[in-house]
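See structure below.
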């Protein structure tokens with residue numbers, strides 16, 4: 010990949026590497042370079058651990074989740090299928106450095122290769138920039154996987170529950186208002202406020218407005234419960 014290609018990748022990722030060779034190594038499959046110090050195997054190992062930690066931390070923030078729920082949700086988010094889907098959405102396959110044989114056999118679209126490369130990229134961001142940088146990258150790259158897992162955990166999502174609660178309690182519908190957004194266009198972080206009438210409930214954050222609304226709804230339910238409502 011050209012230097013401009015690495016520049017575009019870093020812009021898309023929202024993180025600029027102090028050592029771009031680390032990013033290059035994260036994209037290098039063992040079929041291209043069998044030396045474990047020059048391919049992405051070690052970074053994949055690191056990225057797997059970092060991903061597990063960050064997802065565990067995010068799930069732990071939801072105080073209503075039991076240990077069993079957190080374990081189940083984490084497994085859904087970090088499984089190969091979810092990593093593969095995230096890599097496809099990001100266009101990671103086109104950026105990989107593969108050996109000729111793997112290239113000819115369709116390696117750029119193999120789930121295992123793409124999932125491993127996604128973990129390697131996460132590991133590279135952590136190695137180069139630390140935990141906070143890795144956390145931002147994970148929440149950007151895995152946003153859809155996180156949202157899907159949370160939706161799958163319950164038969165009725167928090168937005169539906171909040172709407173029903175507010176309609177029966179206050180006689181009004183819930184509205185969501187985007188009150189802030191920051192970051193570049195490809196990596197915009199939205200802050201969303203849930204309101205019922207003129208009553209302000211809670212805010213949520215997400216790299217999509219939908220994700221922000223989901224978090225705002227979840228926090229609003231917790232807030233109303235503290236107030237003895239619901």
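Numbering (our numbering), first residue to last: 10 to 239. For every residue, glycine included, the Cβ atom is placed at its ideal position computed from N, Cα and C. Just so we're clear, the structure is a prediction, and the values are computed from it rather than from any experiment.
Contacts around residue 83, its chain only, beta-carbon distance under 8 Å, and the 5 residues preceding and following it disregarded: So the list reads 61, 64, 65, 68, once near-sequence residues are dropped.
Distance, residue 22 Cα to residue 234 Cα: About 38 Å.
Contact under 8 Å by Cβ, residue 174 with residue 210: no
Cβ contact (3+ pairs, closer than 8 Å) linking the stretch 36-56 and the stretch 106-113: Taking a cut-off of 8 Å for Cβ pairs, the stretch 36-56 and the stretch 106-113 touch, as three or more such pairs fall below it.
CA-to-CA distance, residue 168 to residue 219, given in whole angstroms: 10 Å
Distance between residue 225 and residue 71 (C-alpha atoms, nearest Å): 12 Å
Backbone secondary structure at residue 180 - three-state DSSP: coil
Option nearest residue 37 by Cα separation, candidates 122, 79, 89, 59: 122
Buried or exposed (CB count within 10 angstroms, at least 16 for buried), residue 215: buried
Cβ pair residue 133, residue 212 closer than 8 Å: Contact: no.
Buried or exposed by the 16-neighbour rule on C-beta atoms within 10 Å, applied to residue 144: buried
Host alpha helix (DSSP H) of residue 209 (start-end): Secondary structure note for residue 209: it is in no alpha helix (DSSP H), and the uninterrupted beta strand (DSSP E) holding it is 208-215.
Nearest-angstrom Cβ-Cβ length linking residue 187 and residue 201, presumed shorter than 8 Å: 5 Å
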